[in-house]
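Step one of this worksheet: look at the structure below.
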Amino acid sequence: MLIFINNILELFNNPIIIVYFITSFIIGSIPFGLILSNISGYGDIRKIGSGNIGATNVLRTGNKFLAIVTLILDVSKSFIMLYIVKTNFETVLEEELLVYLYISIAILSLLGHMFSPFILFKGGKGIATSAGILFFINWLGALIVLFIWLIAAIKYKTSSIGALTASFFAPIIFWFLYKINFNNNLFYVLNISILEFYLVIIISILIYLKHIPNIKRLILGNESKI
Numbered sequence: 002m003l004i005f006i007n008n009i010l011e012l013f014n015n016p017i018i019i020v021y022f023i024t025s026f027i028i029g030s031i032p033f034g035l036i037l038s039n040i041s042g043y044g045d046i047r048k049i050g051s052g053n054i055g056a057t058n059v060l061r062t063g064n065k066f067l068a069i070v071t072l073i074l075d076v077s078k079s080f081i082m083l084y085i086v087k088t089n090f091e092t093v094l095e096e097e098l099l100v101y102l103y104i105s106i107a108i109l110s111l112l113g114h115m116f117s118p119f120i121l122f123k124g125g126k127g128i129a130t131s132a133g134i135l136f137f138i139n140w141l142g143a144l145i146v147l148f149i150w151l152i153a154a155i156k157y158k159t160s161s162i163g164a165l166t167a168s169f170f171a172p173i174i175f176w177f178l179y180k181i182n183f184n185n186n187l188f189y190v191l192n193i194s195i196l197e198f199y200l201v202i203i204i205s206i207l208i209y210l211k212h213i214p215n216i217k218r219l220i221l222g223n224e225s226k227i
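With the first letter of the sequence shown counted as 1, position 134 gets the number 135 in our numbering; the numbers rise by one all the way through.
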């Protein structure tokens, strides 16, 4: 824990990195689903379906293209910021500190999406933005998690079941990939650090916390279908 705190404090000593932190949260906070639904004439997406601002609820307007655009933008929130950070700091920071920077940027992007100041600190469930983070960490693990989400969501015709199922299995999958890499050094495919595995756990916990209302509706049998 002391090492974690010291590394985070070291990052905060760099004014440029602080700007990246703020930018990550602000970009993560942009409610693309709400903006696009209003621009397209569907009104406030929060008054439709589940009331969520994500791509699944945008799909409930009947506009598949709009839902796809929302999905791409929400995924890009985290992925592009992480890629920019990688490009600018990969040769500047030592490897361990760079991973801490990735983790900080990822969490800030996700928290921005989940608790957007633009809509009174309410927001989305974080699925698409989390997907962007997972794809940045490891594309193979992200594809497996995405496949699990698709299978569960299609089978039960419920987005929240897909999200909860995928979030449950995500840490297991990334732990498995981490162990394979650790034992066999398959760097080119499975470059996952233990810190990035911890990040996946944090993401899953945040997603479950945001899905508490959905879990209650699932128990009562009145959760919205896709």
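By construction, the Cβ of each residue, glycine as well, lies at the ideal position given by its N, Cα and C atoms.
Would a check of beta-carbon distances place residue i closer than 8 Å to chain B?
i	result
N223	Protein chains in the displayed structure number just one, and chain B is not present.
Tell me whether the beta-carbon of residue i lies closer than 8 Å to the beta-carbon of residue j.
i	j	result
A129	D75	yes
F90	L83	no
Y179	I195	yes
S38	I27	no
G124	P214	no
S51	S205	no
G55	S110	no
L219	Y101	no
G133	M115	no
Buried or exposed: where does residue i fall if 16 or more other Cβ atoms within 10 Å of its Cβ makes it buried?
i	result
T71	buried
F5	exposed
P234	Since the displayed the chain opens at 2 and closes at 227, residue 234 lies outside it and no answer follows.
I193	buried
Y189	Only weak support exists for where Y189 lies, its pLDDT of 48 falling under 50; the value from the coordinates is given anyway. Exposed, by the Cβ-count rule.
L35	buried
L3	exposed
L10	exposed
I19	exposed
L221	exposed
I174	buried
L151	exposed
Taking only the alpha-carbon atoms, compute the straight-line gap between residue i and residue j and give it to the nearest angstrom.
i	j	result
N14	N8	10 Å
E96	S77	24 Å
Y21	S131	18 Å
G163	G44	27 Å
I49	W140	33 Å
L210	N58	19 Å
F136	F80	7 Å
L207	T24	21 Å
K217	S161	11 Å
S41	V93	43 Å
E197	I85	18 Å
G63	I69	12 Å
N182	L121	42 Å
I73	P16	30 Å
N53	K65	16 Å
I227	H212	16 Å
T88	F177	28 Å
S117	Y199	24 Å
I138	F119	28 Å
R61	L112	25 Å
N223	L67	26 Å
At a cut-off of 7 Å, is residue i close to the ligand ADP when judged by its beta-carbon and the heavy atoms of the ligand?
i	result
F148	The model depicted lacks the ligand ADP and carries no ligand whatsoever.
Item to complete: Would you be able to state if there are at least three C-beta pairs under 8 Å between the region 146-153 and the region 162-171?
Response: Here the region 162-171 makes contact with the region 146-153; the two share three or more CB pairs at distances below 8 Å.
Worksheet item: Do the region 103-115 and the region 148-163 meet, that is, are 3 or more Cβ pairs less than 8 Å apart?
Response: Three or more Cβ pairs closer than 8 Å define a contact, and the region 103-115 falls short of that threshold against the region 148-163.
Item to complete: Could I get the ranges of all uninterrupted alpha helix (DSSP H) runs contained in the region 32-75, with 4 residues as the minimum, in chain order?
Response: Taken in chain order, the whole alpha helix (DSSP H) runs of length 4 or more contained in the region 32-75 are 33-40, 56-60.
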